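Chemist: A single structure is presented below for examination.
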Amino acid sequence: MIEILDPSRLPRARAAGALVADILQTLKARSDVGTNLLDIDRWAQGMIVDAGAQSCYVDYAPSFGRGPFGHYICTSVNDAVLHGLPHDYALRDGDLVSLDLAVSKDGVVADSAISFVVGADQPPESLAMIDATERALAAGIAVAGPGVRLGDVSHAIGSVLSEAGYPINTEFGGHGVGSTMHQDPHVPNTGRPGRGYRLRPGLLLALEPWIMADTDALVTDADGWTLRSATGCRTAHSEHTIAITADGTEILTAPTR
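Residue numbers are given in the UniProt record's numbering: position 205 of the sequence shown equals residue 205, and the series is strictly consecutive.
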């Protein structure tokens, strides 16, 4: 289902997006060497509940997971890239962390992800991967707008990732959001320009370029949720929820502070 939001619901989408963005930035600031992933999950829970919102993950039970997820945020470290299940692990110097958060507030969902390295050890290869996903995300957002074909957005994202030398997996990618977290259309992280669904005002899209350093193959962890690179290489993930408006595109999950 592709859901088109009535313009009257856009302020609620903005509020949900601002909440997600600010929670992620707070969690990033609090995450350091020695921080436990379960503490990050607990902090996320507190901020979501205090805001009168709901996590989209706690009861999430899709066909590809061993549901329900049972936690409030996805915490993926190093070779883990998607759906990282929070567990008893203390972050180490140089760990590459990806946090993915989807929240529903007042009936509208916003979804965003950030990657960062903790501690003093900042491997250049890890920073380059994060930069590539952020640049690819910016390129996809720059192209998106009313009347644009979905393939143009995917092509813009994929061009940046390919030029940076990273393989691209198309099994998981961006998606529509609205009253629920995962909706049509699927937004692959590469595609052919001029093809696909034509974007309309009122459509909310979660664009999420993610990469693995030397492979496009995933393996599922023993927890039934966490997706890791098949080779054990490092990974990175960036995501924003955007709204297609009559005038262009609005980023809903940009940090407000």
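Ideal Cβ positions, reconstructed from N, Cα and C, are used throughout, including at glycine.
Fair warning: this is a prediction, and the values are worked out from it, not measured in the lab.
Taking only three categories from DSSP, how would you classify Asp79?
Modeler: coil
Chemist: Please go through the same chain and pick out, in chain order, the residues whose beta-carbon is closer than 7 Å to the beta-carbon of Val33, but skip the five residues on each side of it.
Modeler: Leu91, Arg92, Asp93, Val118, Gly119
Chemist: Using the rule of at least 16 other Cβ atoms within 10 Å of the residue's Cβ for burial, across every protein chain shown, is Gly158 buried or exposed?
Modeler: buried
Chemist: Let's see if you can read the secondary structure: which residues bound the alpha helix (DSSP H) around Trp43?
Modeler: Element bounds for Trp43: 37-50.
Chemist: Quick check on the DSSP output: what are the complete alpha helix (DSSP H) runs of length 4 or more inside the region 101-146, in order along the chain?
Modeler: 124-143
Chemist: What is the DSSP secondary structure of Ser229, reduced to helix, strand or coil?
Modeler: strand
Chemist: Beta-carbon within less than 7 Å of Arg200's beta-carbon, same chain only, minus the 5 sequence neighbours each way: which residues are those?
Modeler: Ile4, Pro146, Ile244
Chemist: Of all the options Gly176, Thr231, Thr170, which has the alpha carbon lying nearest to the alpha carbon of Pro209?
Modeler: Thr170
Chemist: Are Ala44 and Leu19 touching if we call contact CB-CB under 7 Å?
Modeler: Not in contact: Ala44 and Leu19 (Cβ atoms no closer than 7 Å).
Chemist: Mapping DSSP to helix, strand and coil, what is Glu239?
Modeler: The three-state reading of DSSP puts Glu239 in strand, counting E and B together.
Chemist: Starting from the Cα of Phe116, find the closest Cα among Gly107, Ser104, Glu134 and give me that residue.
Modeler: From the listed residues Gly107, Ser104, Glu134, the smallest Cα separation to Phe116 is found for Glu134.
Chemist: List the endpoints of the continuous beta strand (DSSP E) containing His175.
Modeler: 174-177
Chemist: If I measure Cβ to Cβ from Ala164 and keep anything under 7 Å in the same chain, skipping five residues before and after, which residues do I get?
Modeler: Ala132
Chemist: CB-CB under 7 Å to Leu24, same chain, minus the five flanking residues each way: which ones, in chain order?
Modeler: Leu99, Leu101, Ser112, Ile114
Chemist: Under 7 Å, do Met129 and Ala236 count as touching if we go by C-beta distance?
Modeler: For Met129 and Ala236, yes; Cβs fall inside 7 Å.
Chemist: Count the other CB atoms, across all protein chains shown, that sit within 10 Å of the CB of Ser154; report buried if there are 16 or more and exposed otherwise.
Modeler: buried
Chemist: Excluding sequence positions up to five away, which residues of its chain have a Cβ less than 6 Å from the Cβ of His182?
Modeler: His175
Chemist: In the DSSP assignment, find the unbroken beta strand (DSSP E) run with Ala249 in it and report its ends.
Modeler: Sequence inspection shows Thr at residue 249; the Ala mentioned does not correspond to that position. It spans 249-251 - the beta strand (DSSP E) in which Thr249 sits, taken as one unbroken run.
Chemist: Is Ile168 helix, strand or coil by DSSP?
Modeler: Coil, per DSSP.
Chemist: Beta carbon of Ala13, beta carbon of Leu205: below 7 Å?
Modeler: Taking 7 Å as the Cβ cut-off, Ala13 and Leu205 do not qualify as a contacting pair.
Chemist: Count the other CB atoms, across all protein chains shown, that sit within 10 Å of the CB of Val81; report buried if there are 16 or more and exposed otherwise.
Modeler: buried
Chemist: Can you tell me whether Ser8 is buried or exposed? The criterion is at least 16 other CB atoms within 10 Å of its CB, across all chains shown.
Modeler: Its Cβ having fewer than 16 others within 10 Å, Ser8 is exposed.
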